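Peer 1:
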Amino acid sequence: VGLTVDYQIVDNFYAKASVQYLDPEDADDSTTGYFRLQRSF
282 VGLTVDYQIV DNFYAKASVQ YLDPEDADDS TTGYFRLQRS F
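Using my numbering, the letters of the sequence shown map in sequence onto residues 282 to 322.
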């Protein structure tokens, strides 16, 4: 299961956050993700 959010802070400047959740039957749960700032030219 995953979720990605894109947000425009101001013109040509964006934030992106992504989170993934994994729950396998024979292993521990795990959560991963990232946060990124991006500028457009």
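The beta-carbon is built from N, C-alpha and C at its ideal position, and this holds for glycine as well. Computed from a predicted model, the values in this text were never measured in an experiment.
Check the DSSP bridge columns for V347 and list the partner residues they point to.
Peer 2: Nothing about residue 347 can be reported from this structure: the residues present for the chain run from 282 to 322 only.
Peer 1: Can you give me the start and stop residues for the beta strand (DSSP E) that A316 sits inside?
Peer 2: As a first step, residue 316 is located in the sequence shown; it is residue number 35 there, counting from the start. Before going further, note that residue 316 is Phe rather than Ala in the sequence given. Element bounds for F316: S311 to R320.
Peer 1: Contact defined as beta carbons within less than 8 Å: I believe Q301 pairs with Y295. What is the distance between those atoms, to the nearest angstrom?
Peer 2: Here residue 301 refers to the residue found at position 20 of the sequence shown. Here residue 295 refers to the residue found at position 14 of the sequence shown. Actually they do not touch by this definition, with Cβ atoms about 20 Å apart.
Peer 1: Starting from the Cα of R317, find the closest Cα among N293, V291 and A298 and give me that residue.
Peer 2: What you label residue 317 is simply residue 36 of the sequence shown in a count that begins at 1. Comparing Cα-Cα distances from R317 to each of N293, V291 and A298, the minimum goes to A298.
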